[in-house]
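Colleague: Following the working numbering, the numbering of the sequence shown begins with 62 at its first residue and continues without gaps.
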Amino acid sequence: MRAAKEQVHLVTGATQGIGKETARALARTGARVILTARDRARGTAVVEELRDDTDNPRVELALVDFASLASVRAFLDDVTARVDRLDVLVNNAGGYFGRRRETDDGREMTLQVNHLGYFMTTLGLLEPLRAAGDARVVCVSSDAHWGGRIDLDDLDSRKHYFGYRAYATSKLMNLLFVAEAARRFPSSIAINAQHPGVVASGFGLGESGVMKAFYFLARPFLRTAAQGADTSVWLATAPELAGVTGKYYVRRSERSTLAAARDEQLAQRLWQESERLTGMALPP
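(1) T105: buried (16+ other C-beta within 10 angstroms of its C-beta) or exposed?
(2) Would DSSP call S248 helix, strand or coil?
(3) Does the beta-carbon of D145 have 16 or more other beta-carbons within 10 angstroms, so that it is buried, or is it exposed?
(4) Cα separation between A240 and L147?
(5) Please report the residue range of the beta strand (DSSP E) in which E121 lies.
(6) Would you say L331 and L184 are within 8 angstroms of each other, going by their C-beta atoms?
(7) How is Y228 classed by DSSP in three states: helix, strand or coil?
(8) Residues in its own chain within less than 6 angstroms of Q68 by CB, not counting five upstream and five downstream?
(9) Roughly how many angstroms lie between the CA atoms of R85 and D116, to the nearest whole one?
(10) Let me confirm a value: R197 is counted as buried when at least 16 other C-beta atoms fall within 10 Å, else exposed. Which label applies?
(11) Quick check on L177: buried or exposed, where buried means 16 or more other Cβ atoms within 10 Å of its Cβ?
(12) For a quick check, are the C-beta atoms of A297 and V151 less than 8 angstroms apart?
(13) Measuring straight from C-alpha to C-alpha, what distance separates L266 and T97?
(14) What are the start and end residues of each continuous beta strand (DSSP E) run of 3 or more residues lying completely inside the segment 86 to 137, in chain order?
(15) Do H70 and V107 count as a contact pair if the criterion is CB distance below 8 angstroms?
(16) Contact between the segment 317 to 328 and the segment 198 to 214: three or more CB pairs below 8 angstroms?
(17) Which class does R312 belong to by DSSP, given the choice of helix, strand or coil?
(18) Classify H221: buried if its beta carbon has 16 or more other beta carbons within 10 angstroms, exposed otherwise.
(19) What would DSSP say about L71, mapped onto helix, strand or coil?
(20) Is G209 closer than 8 angstroms to A229 when the C-beta atoms are compared?
(21) Taking C-alpha atoms, which residue in T90, P247, D126 lies nearest to R350?
(22) Relative to the alpha-carbon of R143, which residue among I211, A251, E121, A154 has its alpha-carbon at the smallest distance?
(23) Could you give the distance in angstroms between the alpha-carbon of Q333 and the alpha-carbon of M341?
(24) What three-state label does DSSP hand R162 in the structure shown?
(25) In the DSSP assignment, the alpha helix (DSSP H) including R337 goes from what residue to what residue?
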């Protein structure tokens with residue numbers, strides 16, 4: 062990879078928690094860092110905070126709402142107009158939704174935000190990733206994927222919805238996406254996933270049910286957001302990881318995954334369904 066100060070990095074979901082600390086750590090390397098937010102005022106405040114904290118004026122904001130396919134497309138147009146290459150993409154944005162809800166696109170919220178968001182962002186930025194010559198994509202997944210179950214005939218969870226199962230399934234989808242992308246992408250683009258651990262952040266606290274209760278009881282024992290971000294930053298920057306792709310890491314160590322996460326046929330079918338749902342495909 063080129064020198065850090067010559068690189069361009071993008072971190073999604075970076076106004077709080079793991080995403081914010083990932084952006085902070087990457088900004089400290091001197092790279093140009095674009096972070097995403099849904100709300101302009103909140104995003105601008107984070108940009109200003111990180112510029113001051115890291116003494117790096119090249120921290121920028123891009124607006125996107127991953128619950129809207131139109132917003133994601135506009136975001137991709139914005140980023141590709143700003144950069145001619147992208148050295149690092151960290152897919153971090155995600156959510157936990159205790160009750161089932163649909164986006165304006167008619168998709169179940171967890172599916173669209175946590176999986177289709179990664180899929181669209183990565184494919185939509187493939188050209189600047191290719192142009193970097195040696196790019197890295199990091200996808201924040203979770204050990205929660207062990208509880209995931211994918212029904213390709215009911216990706217929108219219309220038959221039955223349980224918030225934790227939907228979240229776990231979306232994290233399994235992240236791993237299938239990483240595995241299939243590693244097979245399909247050119248060798249100049251490495252893509253890997255990481256589990257950040259259970260982090261003390263605002264994640265899931267706006268929802269009712271088991272997740273909110275868990276965070277309340279476990280908060281004194283949780284990892285910090287900076288600790289959760291560490292493996293993302295390592296995957297994005299460590300020289301020793303050159304050429305490593307399609308792997309899953311926990312605290313900088315490669316780990317095994319649920320057998321379903323290694324099912325090539327399932328990964329291919331999920332990829333095809335994702336293309337259908339988003340209208341996006343790999344550029345030639």
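Built from N, CA and C at the ideal position, the CB exists for glycine as well.
What you are looking at is a predicted structure, and each value in this text was computed from that prediction instead of being measured.
Modeller: Reading it off the structure:
(1) Counting from one through the sequence shown, the residue named residue 105 turns up at place 44. So T105 counts as exposed.
(2) Reading the sequence shown from its first residue, position 187 is the one you call residue 248. The answer is coil: DSSP assigns S248 none of H, G, I, E or B.
(3) Here residue 145 corresponds to residue number 84 of the sequence shown, with the count starting at 1. Taking all protein chains shown into account, D145 has fewer than 16 neighbouring C-beta atoms within 10 Å of its C-beta and is therefore exposed.
(4) As a first step, residue 240 must be located in the sequence shown, where it is residue number 179. As a first step, residue 147 must be located in the sequence shown, where it is residue number 86. Straight-line Cα distance between these residues: approximately 21 angstroms.
(5) Locating residue 121 in the sequence shown gives position 60, counting from the first residue. From DSSP, the beta strand (DSSP E) with E121 extends over 120 to 124.
(6) The sequence position of residue 331 within the sequence shown is 270, counting from 1. The sequence position of residue 184 within the sequence shown is 123, counting from 1. Cβ atoms of L331 and L184: not closer than 8 angstroms.
(7) To locate residue 228, count along the sequence shown from 1; it is residue 167. Helix at Y228.
(8) Position 7 of the sequence shown, counted from the first residue, corresponds to residue 68. Around Q68: A92, D148.
(9) Position 24 of the sequence shown, counted from the start, is the residue given in the question as residue 85. Position 55 of the sequence shown, counted from the start, is the residue given in the question as residue 116. Answer to the nearest angstrom: the Cα atoms are 11 angstroms apart.
(10) Walking along the sequence shown from the start, residue 197 turns up at place 136. R197 is buried by the Cβ-count criterion.
(11) Counted from its first residue, the sequence shown places residue 177 at position 116. Buried, since its Cβ has 16 or more Cβ neighbours within 10 Å.
(12) On the sequence shown, residue 297 is found 236 positions in, with the first residue counted as 1. On the sequence shown, residue 151 is found 90 positions in, with the first residue counted as 1. Yes, the Cβ-Cβ distance between A297 and V151 is below 8 angstroms.
(13) Here residue 266 corresponds to residue number 205 of the sequence shown, with the count starting at 1. Here residue 97 corresponds to residue number 36 of the sequence shown, with the count starting at 1. Interpretation of L266 is limited by its pLDDT of 47, a score under 50 that renders its predicted location unreliable; no figure is taken from the coordinates.
(14) 93 to 98, 120 to 124
(15) Start at 1 with the first residue of the sequence shown, and residue 107 comes out as number 46. Start at 1 with the first residue of the sequence shown, and residue 70 comes out as number 9. Not in contact: V107 and H70 (Cβ atoms no closer than 8 angstroms).
(16) As far as the Cβ criterion goes, the segment 317 to 328 touches the segment 198 to 214, which means the pair count is three or higher.
(17) Counting from 1 along the sequence shown, the entry for residue 312 is found at position 251. In this structure, R312 counts as coil in the three-state DSSP scheme.
(18) On the sequence shown, residue 221 is found 160 positions in, with the first residue counted as 1. So H221 counts as exposed.
(19) For the purposes of this step, residue 71 is taken as residue 10 along the sequence shown, with counting starting at 1. DSSP places L71 in strand when its eight states are reduced to three.
(20) The residue given as residue 229 occupies position 168 in the sequence shown. The residue given as residue 209 occupies position 148 in the sequence shown. The criterion of a C-beta distance shorter than 8 angstroms is satisfied by A229 and G209.
(21) Limits of the chain in this structure are 62 at one end and 345 at the other, which puts residue 350 out of reach.
(22) In the sequence shown, residue 143 corresponds to position 82, counting from 1. Just measuring C-alpha positions, the residue of I211, A251, E121, A154 sitting nearest R143 is E121.
(23) Reading the sequence shown from its first residue, position 272 is the one you call residue 333. Reading the sequence shown from its first residue, position 280 is the one you call residue 341. For the pair Q333 and M341, the Cα-to-Cα distance works out to about 10 angstroms.
(24) Position 101 of the sequence shown holds residue 162. Three-state DSSP puts R162 in coil, outside helix and strand.
(25) Numbered from its first residue, the sequence shown carries residue 337 at position 276. Residues 325 to 339.
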